[in-house]
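J.: Sequence order for the protein chains is A and F. Just so you know, we're using our numbering here: the first sequence kicks off at 1 and counts up by one. Just so you know, we're using our numbering here: the second sequence kicks off at 1 and counts up by one.
There are 2 protein chains.
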Amino acid sequence: MLQLNPILTSPDASSAKSVVMAVGGAEDKVHGRQILTTFCQRSGGLDATIGVIPSASREPDAMGRLYHDIFMEIGVKAVEVLLVSDRSHGENPDLLERLERCSGVFMSGGDQLRLSSLLDETPLLEKLRHQVWQGQSVLAGTSAGAAVMGERMIASGGSNEPPNRSLVDMSTGLGFLPDVIVDQHFHNRNRLARLISAISAYPEKLGVGIDEDTCALFEADGHLKVLGRGAVTIVDPRDVSYTSYPHVDLTDPVSIYNLRVHILSDGDCYNLLTHRALHKTV
Amino acid sequence: MLQLNPILTSPDASSAKSVVMAVGGAEDKVHGRQILTTFCQRSGGLDATIGVIPSASREPDAMGRLYHDIFMEIGVKAVEVLLVSDRSHGENPDLLERLERCSGVFMSGGDQLRLSSLLDETPLLEKLRHQVWQGQSVLAGTSAGAAVMGERMIASGGSNEPPNRSLVDMSTGLGFLPDVIVDQHFHNRNRLARLISAISAYPEKLGVGIDEDTCALFEADGHLKVLGRGAVTIVDPRDVSYTSYPHVDLTDPVSIYNLRVHILSDGDCYNLLTHRALHKTV
Numbered sequence: 001m002l003q004l005n006p007i008l009t010s011p012d013a014s015s016a017k018s019v020v021m022a023v024g025g026a027e028d029k030v031h032g033r034q035i036l037t038t039f040c041q042r043s044g045g046l047d048a049t050i051g052v053i054p055s056a057s058r059e060p061d062a063m064g065r066l067y068h069d070i071f072m073e074i075g076v077k078a079v080e081v082l083l084v085s086d087r088s089h090g091e092n093p094d095l096l097e098r099l100e101r102c103s104g105v106f107m108s109g110g111d112q113l114r115l116s117s118l119l120d121e122t123p124l125l126e127k128l129r130h131q132v133w134q135g136q137s138v139l140a141g142t143s144a145g146a147a148v149m150g151e152r153m154i155a156s157g158g159s160n161e162p163p164n165r166s167l168v169d170m171s172t173g174l175g176f177l178p179d180v181i182v183d184q185h186f187h188n189r190n191r192l193a194r195l196i197s198a199i200s201a202y203p204e205k206l207g208v209g210i211d212e213d214t215c216a217l218f219e220a221d222g223h224l225k226v227l228g229r230g231a232v233t234i235v236d237p238r239d240v241s242y243t244s245y246p247h248v249d250l251t252d253p254v255s256i257y258n259l260r261v262h263i264l265s266d267g268d269c270y271n272l273l274t275h276r277a278l279h280k281t282v
Numbered sequence: 001m002l003q004l005n006p007i008l009t010s011p012d013a014s015s016a017k018s019v020v021m022a023v024g025g026a027e028d029k030v031h032g033r034q035i036l037t038t039f040c041q042r043s044g045g046l047d048a049t050i051g052v053i054p055s056a057s058r059e060p061d062a063m064g065r066l067y068h069d070i071f072m073e074i075g076v077k078a079v080e081v082l083l084v085s086d087r088s089h090g091e092n093p094d095l096l097e098r099l100e101r102c103s104g105v106f107m108s109g110g111d112q113l114r115l116s117s118l119l120d121e122t123p124l125l126e127k128l129r130h131q132v133w134q135g136q137s138v139l140a141g142t143s144a145g146a147a148v149m150g151e152r153m154i155a156s157g158g159s160n161e162p163p164n165r166s167l168v169d170m171s172t173g174l175g176f177l178p179d180v181i182v183d184q185h186f187h188n189r190n191r192l193a194r195l196i197s198a199i200s201a202y203p204e205k206l207g208v209g210i211d212e213d214t215c216a217l218f219e220a221d222g223h224l225k226v227l228g229r230g231a232v233t234i235v236d237p238r239d240v241s242y243t244s245y246p247h248v249d250l251t252d253p254v255s256i257y258n259l260r261v262h263i264l265s266d267g268d269c270y271n272l273l274t275h276r277a278l279h280k281t282v
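Here is the structure:
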């Protein structure tokens with residue numbers, strides 16, 4: 001296995017495991033695989049057992065196989081594809097037992113509403129949340145798999161318009177990161193306005209817009225670290241002094257004053273407790 | 001004339017004239033014509049003589065005729081099309097004399113580099129700047145005609161990427177609003193990243209991103225007022241605590257912490273002296 005991928009090592013005591021990785025979609029699956037390799041390493045490296053939840057996809061079997069092969073190539077010990085294509089699967093004892101063995105769980109892209117409606121309020125989700133919060137499993141999700149991370153989730157939305165109430169459809173997410181609203185394919189698909197629209201509606205949340213092939217890695221100690229080719233854009237509404245939301249017509253622009261915005265790139269950090277961005281040397 | 005357009009009135013003492021209107025392109029030319037009518041009104045209403053500079057356009061004759069007809073329909077007294085299609089025209093005594101008569105001057109869309117290279121350092125531009133700054137003429141520009149307003153100008157750029165050094169090509173603008181960098185078609189064409197890229201390079205400037213059919217109206221008293229259907233997005237780098245510009249590779253994302261961003265809509269104000277956004281009731 002070491003010959004296949006000398007990047008992975010055995011886990012050591014310094015690798016804290018309570019980690020959530022929100023990936024902005026289109027992560028490198030072929031060449032450097034920085035993000036996927038980091039996920040495997042954080043999940044236990046050579047000793048990792050990775051669970052793949054491909055439920056967001058319309059072709060979950062093919063999606064499951066794709067990531068199965070990638071993670072095996074990267075060099076983990078085992079990959080379990082956890083096929084949940086019906087809500088009843090979420091209480092299947094065999095699936096729950098296989099989830100238990102996973103030191104890392106990866107949620108694929110697809111449709112975040114499909115993913116959330118298949119998993120929400122199932123024993124499988126409860127178990128996964130418990131394992132993640134206890135530090136037993138590292139969680140990663142890409143695209144739709146990242147969108148579901150918050151308690152509130154962007155289900156869909158438009159672009160090429162200023163922020164407005166009709167630009168975004170919100171729904172209930174899976175709540176792994178209760179305090180953030182995640183958006184993905186961020187600069188790639190012109191999604192600042194829809195993230196600001198979402199934040200206008202939920203100003204107690206922090207907006208996190210993640211570019212393609214880029215990851216916001218939420219550490220157990222309250223730091224968000226950035227890795228990958230693009231940027232993570234933080235939209236912090238804590239200082240907002242005025243917003244016209246919801247007192248405007250559905251399609252009129254929403255005014256919002258004093259948003260604090262950080263553009264973070266590979267190696268940068270953001271402290272979720274102090275709301276300060278930190279340079280990569282920290 | 002009053003029958004044609006009862007919106008216009010004769011000027012009164014309360015209408016301060018030292019005004020620059022930066023329009024984000026695609027302003028309504030057919031129906032309500034809110035922005036173009038406001039421009040005519042601020043230029044003197046029924047008594048206005050409007051100069052049209054269609055030099056940004058590849059078809060300046062047709063563009064000149066278009067705005068000629070629109071402004072005449074709105075009901076101004078006269079329209080002068082100031083055809084500058086060669087730098088030598090910028091010292092033509094006839095053109096200079098006709099400019100002198102204009103209480104409002106409108107620069108059309110097209111290519112901002114064509115416009116700036118035709119006008120820069122000509123007597124016509126000097127005269128226009130003098131008239132605008134003295135409050136003799138209201139100045140408006142749409143799209144390319146807005147892009148040239150700053151001392152530094154976004155000549156062209158890309159989108160669908162995070163902010164980076166190669167995302168924007170800067171050039172010299174016409175300097176009517178020395179302290180701002182204007183971008184247009186803003187949310188419509190996903191231009192936040194290029195405006196942030198520009199601001200990273202010129203952090204002493206204020207970024208002003210203007211949506212289509214939307215106007216940032218710079219009053220003589222230091223207020224920016226918003227009118228129109230979209231938003232004006234202010235990107236204020238005054239509090240920036242860190243940026244990796246220019247110490248990153250050309251295409252790598254630029255990190256930038258603590259940008260202050262305001263989304264302003266019709267009726268909102270921004271005080272350019274105190275850098276505070278103000279609600280429309282102010």
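Backbone N, C-alpha and C define an ideal beta-carbon position, used for all residues, glycine too. In this text the structure is predicted, and so the values were computed from the model without any measurement.
1) Mapping the DSSP letters down to three states, classify D236 (chain F) as helix, strand or coil.
2) Starting from the beta carbon of G230 (chain F), find every residue of chain A whose beta carbon is closer than 8 Å, and list them in chain order.
3) Let me check one thing: in DSSP terms, what residues is I263 (chain F) bridge-paired to?
4) Near S255 (chain F), which residues of its chain fall below 6 Å by C-beta distance, leaving aside the five closest residues on each side in sequence?
5) So, A56 (chain F) versus V182 (chain F), is the Cβ gap smaller than 7 Å?
6) Pick helix, strand or coil for A201 (chain F), following the three-state DSSP scheme.
7) In chain order, what residues of the stretch 187-207 of chain F put their CB closer than 8 Å to some CB of chain A?
8) For D69 (chain F), count the other beta carbons within 10 Å of its own beta carbon; 16 or more makes it buried, fewer makes it exposed. Which is it?
9) Which chain A residues sit within Cβ distance under 7 Å of L264 (chain F)?
10) Please list the residues of the stretch 268-280 of chain F that have a C-beta atom closer than 7 Å to any C-beta atom in chain A, keeping them in chain order.
11) Tell me whether the beta-carbon of S43 (chain A) lies closer than 7 Å to the beta-carbon of V168 (chain A).
12) Taking a contact to mean a Cβ-Cβ separation below 7 Å, would you say S159 (chain F) touches P253 (chain A) in this structure?
13) Give me the Cα-Cα distance between M107 (chain A) and D268 (chain F), rounded to the nearest whole angstrom.
14) Exposed or buried, R238 (chain F), counting other C-beta atoms within 10 Å across all chains shown (16 or more means buried)?
15) Indicate whether at least one CB of chain F lies closer than 7 Å to the CB of D211 (chain A).
16) Would you mind giving the Cβ-Cβ distance between C102 (chain F) and G51 (chain F), rounded to the nearest angstrom? I have them listed as a contact below 8 Å.
17) Exposed or buried, which one is G207 (chain A) when buried takes at least 16 other CB atoms within 10 Å?
18) Taking the beta carbon of V30 (chain A) as the centre, do at least 16 other beta carbons fall within 10 Å, making it buried, or is it exposed?
19) Considering just the uninterrupted stretch of the beta strand (DSSP E) at D169 (chain A), what are its terminal residues?
20) Helix, strand or coil for G118 (chain A)? Go by DSSP, reduced to three states.
21) Could you spell out the range, first to last residue, of the beta strand (DSSP E) harbouring D183 (chain F)?
22) Could you pull out every residue in the same chain whose Cβ sits closer than 7 Å to the Cβ of I263 (chain F), ignoring the five residues on either side in sequence?
23) By the criterion of Cβ-Cβ separation under 9 Å, what are the contact partners of L250 (chain F) in chain A?
24) With G228 (chain A) as the anchor, note down where its beta strand (DSSP E) starts and where it stops.
25) Pull the bridge partners of R152 (chain A) from the DSSP assignment, please.
26) Alpha carbon to alpha carbon, how far is E80 (chain F) from R165 (chain F)?
27) For chain A, is any of its Cβ atoms less than 7 Å away from the one on V105 (chain F)?
28) Which residues mark the beginning and the end of the alpha helix (DSSP H) in which E161 (chain A) is found?
29) Check G64 (chain A) in the structure and name its three-state DSSP category.
30) Throw me the rounded Cβ distance for the E212 (chain F) and N188 (chain F) pair, which I believe falls under 8 Å.
31) Can you tell me where the beta strand (DSSP E) with A208 (chain F) in it begins and where it stops?
32) State yes or no: is the beta carbon of V168 (chain A) nearer than 7 Å to at least one beta carbon in chain F?
33) Secondary structure at F39 (chain F), three-state DSSP: helix, strand or coil?
34) Which word fits A48 (chain F), buried or exposed, when buried means at least 16 other C-beta atoms lie within 10 angstroms of its C-beta?
35) Taking the alpha-carbon positions, what's the L124 (chain F) to L96 (chain F) distance?
36) Just the chain A side, please: which residues come within less than 8 Å of Y242 (chain F) by C-beta, in chain order?
T.: Checking against the coordinates, here is how it stands:
1) strand
2) E161, P162 and P253
3) A:I256 and F:T233
4) S244
5) no
6) Helix, per DSSP.
7) Flagged, chain order: H187, N188, R189, N190, L192, A193 and I196.
8) With fewer than 16 other Cβ atoms within 10 Å, it is exposed.
9) S255
10) If the cut-off is 7 Å between Cβ atoms, the stretch 268-280 of chain F has D268, A277 and H279 near chain A.
11) no
12) Cβ distance not < 7 Å, so S159 (chain F) and P253 (chain A) don't count as in contact.
13) 43 Å
14) Exposed, because fewer than 16 other Cβ atoms sit within 10 Å of the Cβ of R238 (chain F).
15) yes
16) 4 Å
17) buried
18) exposed
19) V168 to T172
20) According to the sequence as given, residue 118 (chain A) is Leu; it is not Gly. L118 (chain A): helix per DSSP, three-state reduction.
21) V180 to D183
22) A231 and T233
23) The contacting residues do not exist; L250 (chain F) stays about 14 Å from chain A at best.
24) H223 to G228
25) A:T172
26) 41 Å
27) no
28) Unbroken run through E161 (chain A): none, as it is neither H nor E.
29) helix
30) Indeed they touch by this definition, with Cβ atoms about 5 Å apart.
31) Sequence check: residue 208 (chain F) is Val here, not Ala. Taken as a continuous stretch (DSSP letters only), the beta strand (DSSP E) holding V208 (chain F) covers L206 to I210.
32) Chain F has no Cβ within less than 7 Å of the Cβ of V168 (chain A).
33) helix
34) When all chains shown are included, A48 (chain F) counts as buried.
35) Distance between the alpha carbons of L124 (chain F) and L96 (chain F) is about 6 Å.
36) For Y242 (chain F), the neighbours in chain A by C-beta distance under 8 Å run, in chain order, A277 and H279.
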